[in-house]
Each structure stands twice: as structure tokens, then as C-alpha cells.
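> Dropping a structure here in C-alpha cells format, bear with me for questions.
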């Protein structure tokens, strides 16, 4: 066994020897070289770092080795955090919008100043390639910048009254304490997209980060202190998978909590909705997706291939808006498949996220890899052909995989993949493609490529999704609304509309006026 336990994985195996086809650049893992002040492992409650009675390990998904032990909060710590947030709410909401805006801007600046270290934390705990982690921090910071500006633009209305002796005003006020439950695939940006809006309007928050990636949330807490965010306004309660159900239930049922914002699976979202129903809380749900990616005969094939690569293989296919079901029209199918296979050969390199040439890191854990592996096996058993990849590698690594001769009965066409798998269905007519695309019970994002302007309008309006990328594979941006329809969730995040999720409208009638 190596003295440095982080390197023992590499004494057990050399992935180069088990990888065929695509190149792999997995070498010795890096040490977690980040500022000590940002590597926090305790809960953050009412402005203090709080230890729990036990800890849980945070693992490097690339190696399976432990990188930190984090306080394993239970219902006591969660209750303390809710109480602290409720206490702080009455002071925070009384600050002016300008004062809150200034503090959010300071937080934004600090995140940018520590971009490299924050990115290293993301790569360490999620496996994301470093280039993408840096991009996430830029994206994460942008929400604090955006909502620091939107804080000063929360306007009410003066409405024309039906009688001369009264005035009608519609006021916008913060809902109160918000429970923020976030996923592991964007451990920084999913927090700031919610928290930026909440804090901007005067809400306070309790964040429960995913058990796989708590370090990013705790680093944000440290920077919130440096920015001057008052105690109790931003709280973080990390916990293990075992304690998550109890902590999640408390955060969704406590009467002091007024709002729940969750990003994660549709199945978990339904559980949280049931919890929230007991006290009729406001909810925002950004749930699962199963995005179609349609390439019509009228498309520019090269641009469609580039869009497919960007949409599918970002974060190794572990995004809720990444394309899952690829539908390619018969007239262009063969050319698209040939060029896509060549692009995969040329552009994709599997390895540890710290390696500068890596484009595909590990999946978050072995369960995620097993899911992709099972989908590939199911497809092949039903007649699909492996064009590229198809193999499970060491640990949670998967070969980026391209399948042809896919049909809609296969598991990969019915369930969200969350991995580097492209299953391609050949279709003949526009109506056929839309029928397949809209057959899913979820509707988060969808993509299509076409140079026919009439077709663009028809398809964009008929796709049953909350977000459509037309001749574009990467659509997420701070300025645009993010959210889905059907079982992909409720509400919107980002944009000018994201702030409304944390506001109540109060009607004020001022009567008895002498005019």
C-alpha cells in the first residue's frame, strides 16, 4: 500500500490497459491544494462553524479514495439552522434592497477572486474536468451578480381603483425562510441560482447540499462571511445519505419554513411535494429531464455534430438538460453518424478531472456507472449496434458510447441516462420525430437542428419542454428562465422571473380618502 493513500488506486490498476478505443489520460491523482480557509468540513449555522456528533466521508469519484470527513448533521442541526434563519429573516428583510445588493455583489467578487480553488473543490468531489469546474464557478458567480442587480428592481403596482375614495396597491414581500436542497452535478451553481434570488428579496435560507458534494457549499458559506452576509441569513447543513431522508423531511415540514426549492430527480421531488403539502408551502422544483435532440434533413450536419458533442458530453452526460434521445432523419442519418463517431474519437479523453487534457471524468459513483452499463446491455440485447465505446471501465468510469439501430422500446429511450451514452433513432417524418420527442412524461429541455425557418417555428412551438435549443446545444444562461413542464418541475430559476419564486404579492386597499 502506498504511503499516500490517494495513490493506492493507481497501484491497483492502470486504466490505460483496460481502455480500448478512446484515449485516456488518468495518471496520479492530485492533492487537494486549496486555501485552508475554503476547505471547511463543519456545518455552518447562524454564522458559526458547528460540529455534529459524527462525520461522513467525501470521496474522489475517480479513485474512490476519501478526500475529507464532513460533519454529518441530523434533525437537531437542521432545526437549529431553521431557527437561526427564521430569527435572521426579520432583520434581513428590513435591510434596503440596495444594502442587500451591495453584499451580494461582494460575495460575487469573492467567488471570482477564489475561482481556481473553488473549481478544485468541484473537481475533487464531483470528478468534473477542471476546465468545466472553472466554467461552473463563473456560472455560479453570475447568479449572484445578476440577482444583486435584480434586488433593486422588485417593483409592485399601483392599480386604478373602481371607486374615487380609495387607492389600490400591490406590494411584493419576501416569503420567509427557504429550504434549499441541491444536487451534486453542479454543487456551486445550483446553490447560487436559488440563494441569489432568495437573499436579494430578503429571504433567508438553509442549504442542504448533496451528500456527495458538500465541500463546495461550505466554501460558499466561508465566502459569505467574508462578504458580510449577516449570521443566520445563509446556513448549510451537510449530511450523509443515511440521514438525508430525516433532514429533508424536517426542512420540508417545519412550520417556520415558508418555501422549498429543490433540484434533483422527479421521484425525490414527488416525495418532497408530499412533505410540503402538509403545511401548504411554496415550492420550486427543477426535476428530471430526458431531452430529445432532433436532427432534420435540412440541418447543417457539422453544426449538429458539434451541438451533440457539447450537449451530451458536458460533465460526462451528467446534467439534467443534456440530450438523451437522439433522433436523426433518414436522409442525413449516415453522414451524421460518421461525423459524430469521428468527433468522439478526436475530442473525448477520459481521465481524472485534474488532468488538463481530460474531457470526460468519472461518473459520480458506481451506481451511476451501473445504470449506464445496464442501459447499454438492454439496448444491445434488443438489437442496437455499438458504434463507439460500450464498455464499463474501472470504478465509475464509462467509455463514451454511441449506439445505432435504436428503437423506442429500449430502456435508454424511456429512462434518463445521466451518463455518456448517445442512442440514435432513425426517423422519416417531422411528425414522427415530434411524436417520439413528446412521448416522455418529463419535459425539461429539447434540441433540434434545422435550416428551414418554417420548420423551426413549427417544431419549437410543438415540443413539449420548458426550454428549446434551436441550432444550439448549450442553452443555460443567467439571463434566461430555467425550468420545465410536465413532470420536470414547477417554477422557474434565473432570469427576471426567478426572483418571483421568493416573493408574495400583498394587496393593500387604502380607503376613506377625501378627493
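In my numbering, the protein residues as written are 577 to 1091.
Glycine residues also receive a C-beta, built at the ideal position from the N, C-alpha and C atoms.
Quick caveat, the model's predicted, so the values are computed rather than measured.
For residue 1031, name the three-state secondary structure that DSSP assigns.
helix
> Which ranges would you report for the alpha helix (DSSP H) in the segment 723-769 if only whole runs of at least 4 residues count?
Fully enclosed alpha helix (DSSP H) runs of no fewer than 4 residues are not present anywhere in the segment 723-769.
> In whole angstroms, what is the alpha-carbon distance linking residue 827 and residue 658?
Taking the straight line joining both Cα atoms gives about 8 Å.
> Quick one: grab the DSSP three-state call for residue 1038.
helix
> Whole angstroms is fine: what's the gap from residue 917's alpha carbon to residue 764's?
33 Å
> So for residue 1012, helix, strand or coil by DSSP?
helix
> Might you give, ordered along the chain, the residues of its own chain that have their beta carbon closer than 7 Å to the beta carbon of residue 593, omitting 5 neighbours on each side?
Confidence at residue 593 is low in this model, with a pLDDT of 34, below 50, so the placement of that residue should be treated as unreliable; the coordinate-derived value is given next. Around residue 593: no qualifying Cβ.
> Checking contacts by CB at 8 Å: is residue 674 closer than that to chain D?
Looking at the structure shown, chain D is missing, and only one protein chain is on hand.
> Along the chain, where does the alpha helix (DSSP H) containing residue 684 start, and where does it finish?
673-689
> Just verifying my parser: in three-state terms, what is the DSSP assignment at residue 1071?
coil
> Going by beta-carbon coordinates alone, are residue 627 and residue 680 separated by less than 8 Å?
Not in contact: residue 627 and residue 680 (Cβ atoms no closer than 8 Å).
> Could you check what DSSP says for residue 782 in three-state terms: helix, strand or coil?
strand
> Report all residues from its chain with a CB closer than 7 Å to the CB of residue 610; omit the five preceding and five following residues, and keep chain order.
693, 696, 697
> Tell me which same chain residues have a C-beta within less than 6 Å of the C-beta of residue 1044, skipping the five on either side of it?
1022, 1036
> Have a look at residue 1079 and residue 846 and give me their C-alpha separation to the nearest angstrom.
23 Å
> Sorted by chain position, which residues of the same chain lie with C-beta nearer than 6 Å to residue 842's C-beta, five sequence neighbours on each side aside?
863, 864, 1063
> Helix, strand or coil: which one does DSSP assign to residue 627?
coil
> Are residue 622 and residue 660 close, meaning C-beta to C-beta below 8 Å?
yes
> When the Cα of residue 771 is compared with those of 756, 849, 974, 785, which residue comes out closest?
756
> Would you mind working out which of 640, 940, 936 sits nearest residue 886, comparing C-alpha positions?
It is 936.
> Secondary structure at residue 1021, three-state DSSP: helix, strand or coil?
The DSSP-derived three-state label of residue 1021 is strand.
> For the segment 884-938, list the beta strand (DSSP E) runs that are entirely contained and at least 3 residues long, ordered along the chain.
899-905
> Let me make sure I understand the geometry here. Which of 788, 782, 1068, 965 has the alpha-carbon closest to that of residue 759?
The option with the nearest alpha carbon to residue 759 is 788.
> Taking residue 1081 as the reference, give the member of 651, 777, 721 with the closest Cα.
Nearest Cα to residue 1081 within the set 651, 777, 721: 777.
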